Each structure stands twice: as structure tokens, then as C-alpha cells.
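Participant:
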Amino acid sequence: MTSGVVIRPFEGTEAEYEAIAAVERAAQPDFEADAVSCRYQDATSDPKYLRQRFVAEEGGRLVATGLCCEPTWAWEPGKYFIHFNADPRRADASTAEMLFRHVMKFLADRRPRLVTIYARADAETKLRILAGAGFREVTRFPVSQLDLARFDPSAHEPLLDELTASGIRLRSFSELEPEDDRCRHKLHELHWRITRELPLPERPTRPTFAEFSRAELDHPGFLPGSWIIATAGERFVGTAHLAATQGSREKLTTGLTGVLPSYRRRGIARALKARSLGFAKSQGTRWVVTSNREDHPMYALNLELGFESRPALLFFEKRSNGMKEDGDHDR
Ligand SMILES: CC(C)(COP(=O)(O)OP(=O)(O)OC[C@H]1O[C@@H](n2cnc3c(N)ncnc32)[C@H](O)[C@@H]1OP(=O)(O)O)[C@@H](O)C(=O)NCCC(=O)NCCS
Numbered sequence: 005m006t007s008g009v010v011i012r013p014f015e016g017t018e019a020e021y022e023a024i025a026a027v028e029r030a031a032q033p034d035f036e037a038d039a040v041s042c043r044y045q046d047a048t049s050d051p052k053y054l055r056q057r058f059v060a061e062e063g064g065r066l067v068a069t070g071l072c073c074e075p076t077w078a079w080e081p082g083k084y085f086i087h088f089n090a091d092p093r094r095a096d097a098s099t100a101e102m103l104f105r106h107v108m109k110f111l112a113d114r115r116p117r118l119v120t121i122y123a124r125a126d127a128e129t130k131l132r133i134l135a136g137a138g139f140r141e142v143t144r145f146p147v148s149q150l151d152l153a154r155f156d157p158s159a160h161e162p163l164l165d166e167l168t169a170s171g172i173r174l175r176s177f178s179e180l181e182p183e184d185d186r187c188r189h190k191l192h193e194l195h196w197r198i199t200r201e202l203p204l205p206e207r208p209t210r211p212t213f214a215e216f217s218r219a220e221l222d223h224p225g226f227l228p229g230s231w232i233i234a235t236a237g238e239r240f241v242g243t244a245h246l247a248a249t250q251g252s253r254e255k256l257t258t259g260l261t262g263v264l265p266s267y268r269r270r271g272i273a274r275a276l277k278a279r280s281l282g283f284a285k286s287q288g289t290r291w292v293v294t295s296n297r298e299d300h301p302m303y304a305l306n307l308e309l310g311f312e313s314r315p316a317l318l319f320f321e322k323r324s325n326g327m328k329e330d331g332d333h334d335r
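Residue numbers (the numbering used here): 5 to 335.
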């Protein structure tokens, strides 16, 4: 029944941010959006690019949320990212479908050439809606979660000692930044070098230093103690971190992990992750969640560290006729 459902643009009040975060938490456990992160992302997004949220209300209560934006992280002309979720306790399938159609209709005027979206592998209604609208599954990212109560950081100490003896130092952002005034810029550079290599379903756009800082180092979920950097002399050669993007320190999300090619297969990634997880455990965090590509060595490494599988995230796209599948695009 959708007769009493009203779809309207999001107005951005505090109460609305809390309400959309509650819908996201109910619809998409594992990666639970929080109001502070949603507000921060909206407030810091570049107004040059489209970013429009929608909400569906029923009986005065917000029951579903939608988003439509230009993906500045993987930008192409005519490409849009959409998102929609309905609270499974309060909205039925027809409300979710109504919101999806509203977002697609809003986009139609812009003549999109490519539309992308994620869905959880167990989100039956959403998968049915996407299949019906002609979206095609492109990639599958298994999600996994670690219970830190079962993680023993001391098991990794011999590896950390070996690395130190071989000239590789592991320090947190909190420790390094006061000693190295180029710390933020070096991290930006390293982050991009690693991002370029990621097995992503879409070609990433290089963020400026200001964009990188906004997305990572100035983000309210930034945890400088969890951000571990491997150095060889003054050179930054590896990075791993966690972020508090889910509203509490009880559960953290894994950020990018990477090591420069000439330093690989020496255990640096394993050591970086172990240090970062050890920090989280020492701060009282219970859960850490992550997603990787199925066939990627990082997924195997996470399972070895004790992560356990959760429903995967599926990445979908829909291309309009005539759109080229590839190419570099500067914003
Ligand atoms: C994935 C990556 C971080 C691994 O870094 P690394 O320091 O070489 O990893 P480690 O030496 O700690 O390897 C730990 C284990 O992971 C597995 N592994 C790592 N790289 C692997 C590879 N290329 N092929 C197969 N297994 C691999 C192995 O089991 C390895 O243990 P082993 O060397 O004892 O066999 C690095 O290759 C990288 O930066 N890649 C590009 C960025 C990326 O894909 N990041 C992950 C997504 S967030």
C-alpha cells in the first residue's frame, strides 16, 4: 500500500538527518550510516556537482530515503550514482519502488549515460526493482566482520619486530604528524598511488589535496591513532586505517590498505592491519567491518585475521545506448 506515501526533496533538518540514518541502519546493517557523517558529506560536497536527497513519508513518518549524485570519486560526464533504501519495519516494497522511480524520473531530464548503484546480496526487493529496470550486476564485494574479542594483537608482534629490524617503521598518524610537516601531503600521494591500483568497478578520479583532506583527515570519523603508516626512511610506503563512520566507536569501518609495489610480500600489509586493529581493540571497539573483491588477496588476508563473511555488496550499472565502456575523464 503506497496511497499515503509522499515523496519530497530532503530539507536537511537535524531531525531529518537522524531519520534517514535510522532508515539506513534498519535497511543496511553492517555499514550503518550515521547522521553526523551524512550531514558532513552533504555539507562538504562541491556544489558544482549534483547531490540531491529525497525522502518518502507515510503518516508523517520518514520511511525511505534516496540519493542521486554525480560521483566525484569516479567522475564521467553523464554518469550518476543513485541510492535508495526503505525501512523494512515500516515501508513495503511498493514504497521502495515508488522512491526508486522518483529518483530515476528526476534523473531522466539530465539524460544520464550511466547510472550506478550498490545493493546488499540479501536485499530481495531492491534486487528485483533493479533487475526490472534493466540494471546489470558488474562486481560483487564480499563483506566481512571481525569480532575484536577474538583478535589477539600480540600474535603479530614477531612480525612487527622483523619489519623494524629490516628498516620499516610503523607509526600512527598521531605519532608521525608532529615529526613530519609533509605528513598529510605524503599520505595524499600514497593514497592516490594505491587507489589507482584498486580492483574497482569504476575508474577513480584523482582527488585534490583539499578533497582528500575533506574526505579523510577532516572527516568526523577520522581516527588518527588507527591510521598506521609504514615508512622506509622518510618515504611513506604503506598505509591502513579504520574510521568511525557508523555513529559509534563500538563498530568501525576499514579504510584503504595498500603498500607500494617494491615493498610488497614482506608482511607490511598484515602488520599495518594488525597494528590498526590492535589500536581499535585497546580503545574498546568490538567490531570492525570491511568489504573486498572476492578474488583479491586482501579478502583472504582479512579472513586469516579472523574476519567472518556477511552478505556481499553488489555493484550494478545501467548504460544508455552508445555509451563507451572506458576512458579517462578529468573533472
Ligand atoms: C594487497 C596489498 C595491500 C598486499 O600488501 P603486502 O604488504 O604485499 O601484503 P603482505 O606481505 O602483508 O601479505 C600478506 C598475505 O596476503 C596474501 N597476499 C598478499 N599479496 C598477494 C598477492 N599479490 N597474491 C596472492 N596473495 C597475496 C598472502 O597470503 C600474504 O602472505 P604470504 O606473503 O605469507 O603468502 C598490496 O598488494 C597492495 O597495496 N595492492 C594494491 C592496493 C590494494 O589492492 N589494496 C587492497 C584493497 S583495500
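Backbone N, C-alpha and C fix where the C-beta goes; we use that ideal spot for every residue, glycine too. Small disclaimer: the values here were computed from a predicted structure and weren't measured.
Report yes if the C-beta distance between A273 and L305 is below 8 Å; otherwise report no.
Facilitator: Yes, the pair counts as a contact, with Cβ atoms nearer than the cut-off.
Participant: Rounded to whole angstroms, what is the Cα-Cα separation between E312 and V241?
Facilitator: Rounded to the nearest angstrom, the two C-alpha atoms are 28 Å apart.
Participant: Tell me whether D330 sits in a helix, a strand or coil according to DSSP, three-state version.
Facilitator: Low per-residue confidence applies at D330: pLDDT is 48, beneath 50, and the placement is therefore not dependable enough to give any value.
Participant: Could you spell out the range, first to last residue, of the alpha helix (DSSP H) harbouring P162?
Facilitator: Counting along the chain, the alpha helix (DSSP H) containing P162 begins and ends at E161 to A169.
Participant: As a quick exercise: from G82, E128, E298 and L194, pick the residue whose alpha carbon is nearest that of T212.
Facilitator: T212 has its Cα closest to that of L194, out of G82, E128, E298 and L194.
Participant: Quick one: residues in its chain with C-beta nearer than 7 Å to the C-beta of K328, no 5 flanking neighbours on either side, listed in chain order?
Facilitator: Reliability of the predicted coordinates at K328 is poor, the pLDDT of 47 falling under 50, and no value is obtained from them.
Participant: Tell me the residue span of the beta strand (DSSP E) that contains L318.
Facilitator: Unbroken beta strand (DSSP E) run through L318: E312 to R323.
Participant: Which residue marks the beginning of the beta strand (DSSP E) containing G138, and which one marks its end?
Facilitator: G138 -> no beta strand (DSSP E), and no H or E assigned at all.
Participant: Return yes when the C-beta of G171 is under 7 Å from any heavy atom of ligand 1, and no when it is not.
Facilitator: G171 Cβ: outside cutoff for every heavy atom of ligand 1.
Participant: At 4 residues or longer, and completely inside the stretch 183 to 239: list those alpha helix (DSSP H) runs for me, N to C.
Facilitator: The stretch 183 to 239 contains these whole alpha helix (DSSP H) runs: 187 to 199 and 213 to 216.
Participant: Kindly confirm or deny that the stretch 153 to 169 and the stretch 185 to 201 touch, where touching means at least three C-beta pairs closer than 8 Å.
Facilitator: No, they do not touch.
Participant: Does the stretch 12 to 28 touch the stretch 84 to 95, meaning 3 or more C-beta pairs lie closer than 8 Å?
Facilitator: Yes: the two stretches touch, three or more of their Cβ pairs being nearer than 8 Å.
Participant: Going by the C-beta, is A304 closer than 7 Å to any heavy atom of ligand 1?
Facilitator: It does: the Cβ of A304 is within 7 Å (strictly closer) of some heavy atom of ligand 1.
Participant: For A219, which option in R186, E254 and L260 has the closest C-alpha, if you only look at C-alpha atoms?
Facilitator: Among R186, E254 and L260, the Cα nearest to that of A219 belongs to L260.
Participant: Does the separation of the CB atoms of A95 and A60 fall below 8 Å?
Facilitator: Going by C-beta atoms, A95 is nearer than 8 Å to A60.
Participant: Assuming T243 and G262 are in contact, meaning their beta carbons sit under 8 Å apart, how far apart are those beta carbons, in whole angstroms?
Facilitator: Contact holds; Cβ gap of about 6 Å.
Participant: Is any heavy atom in ligand 2 found nearer than 7 Å to the beta carbon of A273?
Facilitator: Absence of ligand 2 is noted for the structure shown, with ligand 1 being the only ligands found.
Participant: How big is the Cα-Cα spacing for T99 and V9?
Facilitator: T99 and V9: Cα-Cα distance of roughly 7 Å.
Participant: Between T261 and ligand 1, is the CB less than 7 Å from at least one heavy atom?
Facilitator: Because some heavy atom of ligand 1 lies under 7 Å away, the Cβ of T261 counts as near it: yes.
Participant: Ignore the nearest five residues each way along the sequence and tell me which others in R393's own chain have a CB closer than 7 Å to its CB.
Facilitator: No statement about residue 393 is possible, as the shown extent of the chain runs from 5 to 335 and does not include it.
Participant: With a threshold of 16 other CB atoms inside 10 Å of the CB of E161, please say whether the residue is buried or exposed.
Facilitator: Label assigned to E161: exposed.
Participant: Are R188 and L227 touching if we call contact CB-CB under 8 Å?
Facilitator: In this structure, L227 does not lie closer than 8 Å to R188 by Cβ.
Participant: Cβ of P208 within 7 Å of any heavy atom in ligand 1?
Facilitator: No, the Cβ of P208 stays beyond 7 Å of every heavy atom of ligand 1.
Participant: Exposed or buried, V293, counting other C-beta atoms within 10 Å across all chains shown (16 or more means buried)?
Facilitator: Buried, by the Cβ-count rule.
Participant: When the Cα atoms are used, what is the spatial distance from D151 to A234?
Facilitator: If I take the Cα positions, the gap works out to 25 Å.
Participant: Would you kindly work out how many angstroms separate the C-alpha atoms of A284 and L246, rounded to a whole number?
Facilitator: Approximately 8 Å between the Cα atoms of the pair.
Participant: Looking at C-alpha atoms only, which residue of G138, W79, G70 and S280 is the closest neighbour of H106?
Facilitator: The residue with the shortest Cα to Cα distance from H106 is G70.
Participant: Considering only residues of the stretch 37 to 96, which uninterrupted alpha helix (DSSP H) runs meet the minimum length of 4 residues and lie entirely inside it, listed in chain order?
Facilitator: Qualifying alpha helix (DSSP H) stretches, in chain order: 39 to 48.
Participant: Excluding sequence positions up to five away, which residues of its chain have a Cβ less than 6 Å from the Cβ of K190?
Facilitator: If we look at K190 and ignore the five residues flanking it on each side, its Cβ neighbours are F240.
Participant: Using DSSP with H/G/I as helix, E/B as strand and the rest coil, what is M5?
Facilitator: With a pLDDT of 47 at M5, under the threshold of 50, the predicted position of this residue should be treated as unreliable, though the coordinate-derived value follows. Residue state, collapsed to three classes: coil.
Participant: Using DSSP's beta-bridge definition, name the partner residues of L174.
Facilitator: Paired residues: A234.
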